[in-house]
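Step one of this worksheet: look at the structure below.
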Amino acid sequence: MVDLAVLPSYIAVILLFLAPPGPDMTYMLAVGLEGGRLSALKAILGIGTGMSAYAAAVVAGMGEIARSHPSVLDAVRILGAAYLLWLAYVTMRSARRAINGHGDIATGGWYLRGVLVSLTNPKIILFYLAVLPQFIGSAENPELQMAVLGAINVLMEIVLYGCIGVLSGFFHARLTGSTKATAVLNYAACAVYVALAAAITVEILLT
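Numbered according to our numbering, the sequence shown spans residues -6 to 200.
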């Protein structure tokens, strides 16, 4: 059976982990600005899918590969930064289209984007590698314990970051009738993507 006595302290750790802005949070902010509330909901489901894949991999024992080969995580970081720069390019193109009177052209693919952003966020797998083993407690089945803890983490991120995306989507909903405002929102989202890619690159260079 699982040990539920560790949940209060585990949830507190998750909240501390989710509070600082990271790739997932800033991505949801950008999605809400760029695509609106429905896009944010699709994106957070994609992020939840990517997190679930990482959690399943760690439970299955693949986390040991990441531990013994840290260069794998660096490769994931580089891919993540490159993908965010590509999102910045696509978003800037949408902003230019809005200025030219083609604001109805949407970039779309929000769910898949969320999956890719989540899978290229190495902090997620680092969380599972470093934190989950600390909360095995007296569980008779460690794999089941980690699976339950992983599911709780996924659910909490979906709720918290999903709310951030939906709230930022209100700005999109209020300004979507204006092509200039739509362009400004897209440029703001583009800036978020570029800043996040730069932060990841700096982190790679400093580690």
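Note that beta-carbon positions come from the ideal geometry of N, C-alpha and C, so glycine has one too. Bear in mind that the values here come from a model prediction, so they are computed numbers and not experimental data.
Check whether the Cβ atoms of E7 and V110 lie closer than 9 Å to each other.
Walking along the sequence shown from the start, residue 7 turns up at place 14. Walking along the sequence shown from the start, residue 110 turns up at place 117. Before going further, note that residue 7 is Ile rather than Glu in the sequence given. It is not a contact, given that the beta carbons lie outside the stated cut-off.
Backbone CA spacing between S32 and V124 [nearest angstrom]:
Position 39 of the sequence shown, counting from 1, holds the residue named residue 32. Position 131 of the sequence shown, counting from 1, holds the residue named residue 124. Going by the C-alpha atoms only, they are around 31 Å apart.
Beta-carbon gap between S2 and F120 smaller than 9 Å
By one-based count along the sequence shown, residue 2 stands at place 9. By one-based count along the sequence shown, residue 120 stands at place 127. The answer is no: Cβ separation not under 9 Å.
Cβ atoms of G162 and G29: under 9 Å apart, would you say?
The residue you call residue 29 lines up with position 36 of the sequence shown. The residue you call residue 162 lines up with position 169 of the sequence shown. It is a contact, given that the beta carbons lie within the stated cut-off.
So M18 packs on V147, CB below 8 Å; how close in whole Å?
Within the sequence shown, numbered from 1, the residue matching residue 18 stands at position 25. Within the sequence shown, numbered from 1, the residue matching residue 147 stands at position 154. Incorrect: roughly 15 Å between the Cβ atoms, too far for contact.
With 16 other CB atoms within 10 Å as the buried threshold, where does I98 fall?
Position 105 of the sequence shown, counting from 1, holds the residue named residue 98. Residue placement at I98 cannot be trusted, given a pLDDT of 39 that sits under 50; what the coordinates show is reported in the next sentence. That one is exposed.
CB of I151 within 9 Å of CB of I37, strictly:
Looking up residue 151 in the sequence shown gives position 158. Looking up residue 37 in the sequence shown gives position 44. Against a cut-off of 9 Å, the Cβ pair of I37 and I151 comes out as a contact.
Assign S131 to one of three DSSP states: helix, strand, or coil.
Reading the sequence shown from its first residue, position 138 is the one you call residue 131. In this structure, S131 counts as coil in the three-state DSSP scheme.
At the level of alpha carbons, what is the spacing between M(-6) and A192?
Numbered from its first residue, the sequence shown carries residue -6 at position 1. Numbered from its first residue, the sequence shown carries residue 192 at position 199. Computed Cα separation, rounded: 41 Å.
Buried or exposed, going by whether 16 or more other CB atoms sit within 10 Å of the CB of N114?
Locating residue 114 in the sequence shown gives position 121, where the first residue counts as 1. Result: buried.
Decide if G54 is buried, meaning its Cβ has at least 16 other Cβ atoms within 10 Å, or exposed.
Numbered from its first residue, the sequence shown carries residue 54 at position 61. Counting Cβ neighbours within 10 Å, G54 comes out exposed, since fewer than 16 surround it.
Three-way DSSP call (helix, strand, coil) for D(-4) in this model:
Along the sequence shown, one-based indexing puts residue -4 at 3. DSSP places D(-4) in coil when its eight states are reduced to three.
Decide if V185 is buried, meaning its Cβ has at least 16 other Cβ atoms within 10 Å, or exposed.
As a working mapping, residue 185 is identified with position 192 in the sequence shown. That one is buried.
Residue interval of the alpha helix (DSSP H) (run including A33)
In the sequence shown, counting from the first residue as 1, residue 33 sits at position 40. Looking at the DSSP string, the run of the alpha helix (DSSP H) that includes A33 is 30 to 52.
Looking at C-alpha atoms only, which residue of L199, I145, D67 is the closest neighbour of A49?
As a first step, residue 49 is located in the sequence shown; it is residue number 56 there, counting from the start. A49 has its Cα closest to that of I145, out of L199, I145, D67.
Here's the rule: buried if 16 or more other CB atoms are within 10 angstroms of the residue's CB, otherwise exposed. What is L34?
Along the sequence shown, read from residue 1 onward, the residue named residue 34 stands at position 41. Result: buried.
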